[in-house]
Amino acid sequence: MKSLEDFKPFSEEGIECPYPFYEKLRSDAPVYEAAPGVFFIGSYELINNALRDPHTFKSGEGAAFLNFQGEAGLAVPTKNPTEIQEILSQGPPDRDTLLSGDPPAHTRFRSLVNRSLSPGRVARWTPVIQDVVDELIDAFIDAGEVELVSQYSMLVPLTVVSLTLGVPNEDRDKYKDWSIRSVKTLAGQLTREEALDAARASTDLGNYIAERVESARKDPQENVIGDLVRAHLLDAIDGDEKSYRPLDTPEIVSIVRQLLVAGQETVNYLISSLMLMLIRHPEQMQAVQNDFSLIPQMVEEGIRAESPIQALGRFATKDVEFGGVMIPAGSRVVMLYGCANRDGAKFDQAESFDIFRDNVREHVGFGAGPHYCIGSALARLESRIAFERLFSRIKNIRLAEGKNDFRHNYSFIFRALKELHLEFDKA
Ligand code: HEM
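For our numbering, add 15 to where a residue sits in the sequence shown, where the first one is 1.
Structure follows, in structure tokens:
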């Protein structure tokens, strides 16, 4: 890549391999104005600093999301057009809880959700996840071949997230479709029709979750929705007096929607890209198959090397000089996690896949600071089990000849292999 301007985030080339652009960005301009008022942040150190300063770089008002509408390309978001607002108004009203929240309200919501998703709480799902995963393997093991994305990596988190949240698994085709259509606003430049479709899907998903919340209010179960309808949010502090109130339905819908959407696709991308990297590094695959205790660090290296979430945004709340560049108030600041995770100043041989690197857990693939991924314990658990069970039951895993083109889904934000065709022998 000759110059930074050559990078087209929506082009096929940009999506397939953003890494040469990242390299140039880190070396030439780690704070780079990619479009008027849109700044990319590329170095590990700067991203870490920005993520830990929510007062300067805030998440509120949908800051995570870039605006790719119509011809605007990469642009500072504008208000949704009236026709989209009308569709969205038919669903539960939007609330800033997690991703689009800022302290102190964000901290209060987050502490409630943290209880349900702490490493200790999610560990109790271990036997259930093992069963889910074994059933999925049962379905393809006799064939000696599998298309890993559609038959495994997509279904593991989809099933797990439905169990942990408390949304019926038999509805999964519906909420998967709504989730994928509604996050298209993150993926690339949408036509008017696509933007309307994303809004409809978002409304349908919101109404569906609201129904689940109302029925959980009558009969709360031991799952995240059950926890949330029983929870009490810190509402006000008056001297030493603190008052609490239950969450309202739009607040619970906002939280559950984010868990459902973030929880199903990210882990899918991780499992499939990690499997491809292992196949391309057979000595590391062998090491892990011989010693399952290496799986957790292998999972971390997968998140570092091919970060499932490549980027999300913030707003600058004030004029700020950052990394030697003046960022004006109101600018959109894009945190390129995938770029930071390949920063040679932080990781030796950063472009190589190496499950044995010492500081692998210091990646920012789960973010950092107040918005650090709240599902990280669940993501780590299900990815670990997904590989443990797979390696217990199949061996000699190889690419199915002539079937793979290694293409990714059309998205600048997610790193998502479309398909991965494998062959294997029974262990
Ligand atoms: C490998 C899998 C995953 C990756 C790579 C990932 C990545 C991330 C990243 C980078 C953030 C930070 C967002 C920001 O800085 O604004 C984040 C936040 C979040 N993640 Fe994950 N995630 C994964 C799995 C999950 C799962 C399984 C769930 C739900 C069960 C989940 C739910 C969330 C939520 C709700 C937030 C927002 C937290 C907040 O703003 O306080 N994620 N994730």
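C-beta: ideal position from N, C-alpha, C; glycine also. Keep in mind that this is a model prediction, so the values were computed, not measured.
Spatial distance of residue i from residue j (CA atoms)
i: Tyr-387; j: Ser-115; result: 13 Å
i: Ala-431; j: Ala-401; result: 18 Å
i: Val-271; j: Gly-382; result: 20 Å
i: Phe-427; j: Val-349; result: 12 Å
i: Thr-332; j: Val-164; result: 40 Å
i: Leu-293; j: Asn-419; result: 16 Å
i: Thr-206; j: Lys-199; result: 11 Å
i: Gly-241; j: Ile-267; result: 10 Å
i: Leu-66; j: Ser-407; result: 39 Å
i: Pro-323; j: Arg-260; result: 36 Å
i: Tyr-425; j: Val-148; result: 28 Å
i: Tyr-223; j: Arg-372; result: 44 Å
i: Ser-177; j: Glu-31; result: 31 Å
i: Ile-389; j: Ile-412; result: 32 Å
i: Pro-119; j: Ser-126; result: 11 Å
i: Arg-347; j: His-70; result: 14 Å
i: Gly-106; j: Ser-217; result: 8 Å
i: Ile-310; j: Leu-291; result: 15 Å
i: Pro-5; j: Phe-429; result: Past the edges of the chain, shown from 16 to 442, lies residue 5, and the structure says nothing about it.
i: Ile-99; j: Ala-214; result: 6 Å
i: Glu-185; j: Leu-173; result: 11 Å
i: Arg-245; j: Asp-219; result: 25 Å
i: Ala-251; j: Gln-236; result: 28 Å
i: Gly-221; j: Pro-265; result: 9 Å
i: Gly-328; j: Ala-79; result: 4 Å
i: Asp-68; j: Met-300; result: 39 Å
i: Leu-151; j: Asp-188; result: 16 Å
i: Gln-204; j: Gly-29; result: 14 Å
i: Leu-40; j: Trp-140; result: 42 Å
i: Arg-376; j: Phe-421; result: 27 Å
i: Lys-257; j: Ser-308; result: 45 Å
Three-state secondary structure (DSSP) of residue i
i: Ile-294; result: helix
i: Ser-367; result: coil
i: Phe-451; result: Outside the displayed span of the chain (16 to 442) sits residue 451, for which this structure offers no information.
i: Glu-160; result: strand
i: Asp-263; result: coil
i: Ile-252; result: strand
i: Met-300; result: helix
i: Ser-58; result: coil
i: Ala-320; result: helix
i: Val-276; result: helix
i: Ala-331; result: strand
i: Tyr-167; result: helix
i: Glu-416; result: coil
i: Leu-19; result: helix
i: Ala-65; result: helix
i: Ile-342; result: strand
i: Val-53; result: strand
i: Arg-357; result: coil
i: Ser-104; result: coil
i: His-121; result: helix
i: Leu-173; result: helix
i: Tyr-387; result: coil
Proximity winner among the options, relative to residue i (alpha-carbon distances)
i: Val-161; options: Arg-376, Gln-304, Ser-287; result: Ser-287
i: Glu-60; options: Ala-50, Arg-408, Val-46, Gly-390; result: Val-46
i: Asp-358; options: Ala-394, Ala-320, Gln-304; result: Ala-320
i: Ala-365; options: Glu-403, Pro-235, Tyr-34; result: Tyr-34
i: Glu-397; options: Gln-301, Glu-416, Ile-144, Lys-191; result: Ile-144
i: Met-313; options: Glu-101, Asp-21, Asp-369, Ser-407; result: Asp-369
i: Arg-404; options: Ser-269, Val-303, Pro-265, Ala-216; result: Val-303
i: Ala-49; options: Gln-166, Lys-257, Asp-21; result: Asp-21
i: Met-169; options: Asp-157, Ser-194, Ala-158; result: Ser-194
i: Ala-158; options: Ile-409, Arg-422, His-423; result: Ile-409
i: Gln-279; options: Asn-64, Asn-238, Glu-150, Lys-191; result: Lys-191
i: Thr-97; options: Thr-122, Val-137, Lys-257, Leu-211; result: Leu-211
i: Arg-395; options: Pro-51, Leu-289, Phe-54, Leu-243; result: Leu-289
i: Ala-44; options: Gly-29, Val-53, Ile-62, Leu-19; result: Leu-19
i: Val-53; options: Phe-307, Thr-141, Leu-351; result: Leu-351
i: Gly-384; options: Pro-108, Asp-109, Thr-122, Arg-110; result: Thr-122
i: Glu-315; options: Asn-374, Asp-146, Lys-441, Tyr-167; result: Asn-374
i: Glu-27; options: His-423, Ala-442, Asp-263, Lys-441; result: His-423
i: Val-276; options: Gly-380, Asp-255, Arg-196, Pro-134; result: Arg-196
Proximity test, Cβ basis, 7 Å: residue i and chain B
i: Glu-226; result: Here chain B cannot be found, since the structure has a single protein chain.
Take every Cβ of the stretch 328 to 343, pair it with every Cβ of the stretch 351 to 369, and state whether three or more of those distances are shorter than 8 Å. Output reads no: the stretch 351 to 369 does not touch the stretch 328 to 343.
Using 8 Å as the cut-off, can you tell me whether the stretch 435 to 442 makes contact with the stretch 174 to 181, which would need three or more C-beta pairs spanning the two stretches below that distance? The stretch 435 to 442, when compared against the stretch 174 to 181, does not touch it at the 8 Å Cβ threshold.
Specify whether the stretch 66 to 76 and the stretch 20 to 40 touch according to this definition: at least 3 beta carbon pairs, one from each stretch, less than 8 Å apart. As far as the Cβ criterion goes, the stretch 66 to 76 does not touch the stretch 20 to 40, which means the pair count is below three.
Determine contact between the stretch 210 to 229 and the stretch 110 to 124, defined as no fewer than three beta-carbon pairs at a distance below 8 Å. These segments do not touch.
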